[in-house]
Amino acid sequence: MSELSYACGISQQPLLGDTIGDLFDKTVAQYPDEEALIVKHQDIRYSYRKLQTQVDECARALLACGIEKGDRVG
1 MSELSYACGI SQQPLLGDTI GDLFDKTVAQ YPDEEALIVK HQDIRYSYRK LQTQVDECAR
61 ALLACGIEKG DRVG
């Protein structure tokens, strides 16, 4: 890896305007039934649609616990 990040200087290549969530939603829309996650030792296979369902469920649970946008969870 020889290129520097924006943190170390400027670049001629513009940043994307999308968040990780935005990009994930676009991927789900484009490839809903393609495999997104495989956990071989637990025999788990999630399509992008199934993974989005699980992510949304987790997000709702965090909100129900009082976690708000911008909070750090670790």
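So for the sequence shown, the working numbering puts the first residue at 1; every next one is plus one. The beta-carbon is built from N, C-alpha and C at its ideal position, and this holds for glycine as well.
Can you give the Cα-Cα distance for residue i and residue j, rounded to whole angstroms?
| i | j | result |
| --- | --- | --- |
| S11 | R49 | 35 Å |
| D56 | Q13 | 32 Å |
| A36 | I67 | 26 Å |
| G74 | D22 | 22 Å |
| K69 | Y46 | 26 Å |
| L63 | H41 | 31 Å |
| I38 | K26 | 20 Å |
| G17 | F24 | 13 Å |
Going by DSSP, what residue range makes up the beta strand (DSSP E) through residue i?
| i | result |
| --- | --- |
| V39 | E35 to V39 |
| K45 | The question names Lys, but residue 45 is Arg in the sequence shown. I44 to S47 is the span of the beta strand (DSSP E), which, as asked, contains R45. |
Just to confirm, is the Cβ distance from residue i to residue j under 8 Å?
| i | j | result |
| --- | --- | --- |
| Q52 | V28 | yes |
From which residue to which residue does the alpha helix (DSSP H) around residue i run?
| i | result |
| --- | --- |
| Q30 | I20 to Q30 |
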